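**Student:**
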Amino acid sequence: MAHTDQSIDTLISISGTLASINLALVAILAAKTSIDHVEVAADDFFLFSSLGFLFVVVLGYLAQKNQGSANANRLVSISEWIFSGALAATVIGAVLMVYSAV
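The opening position of the sequence shown corresponds to residue 3 in the working numbering, with each subsequent residue numbered one higher.
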């Protein structure tokens, strides 16, 4: 699939939003007085996915700065893979959070 400026712009904006949401979820879980092992795991998944989304923002910025070079395409591919992994970690964390509420 060909990478476009619009695709990296979309990844950057979505990643910034998802990083903020995941950090808010980490804060909410940390504010609870008692937290069990499943919630600790969910908290870790949200934290690591937030870091992944922040890496996507940085890599996307670098790809935009190096447009037209071979490195830009590689940075976009790497950021897409990291985005996918961070999104999967968010889903896993959400499933764990729902599981711990039951």
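All C-beta atoms, glycine included, are put in the ideal place defined by N, C-alpha and C. Bear in mind the structure is a predicted one, so any value in this text is a computation, not a measurement.
1) Excluding five sequence neighbours on each side, which residues of the same chain lie with their C-beta closer than 7 angstroms to the C-beta of G87?
2) What are the boundary residues of the alpha helix (DSSP H) that K67 is part of?
3) Let me make sure I understand the geometry here. Which of V60, Y101, L89 has the alpha-carbon closest to that of L49?
4) Which residue's Cα is closest to the Cα of G18: I37, S81, S36, N75?
5) Less than 8 angstroms between the C-beta atoms of S102 and D38, yes or no?
**Tutor:** Let me lay it out:
1) Hits under 7 angstroms: G54.
2) 39-67 is the span of the alpha helix (DSSP H), which, as asked, contains K67.
3) Nearest option by C-alpha distance: L89.
4) For G18, the nearest C-alpha among the options comes from S81.
5) A contact, by the Cβ cut-off of 8 angstroms.
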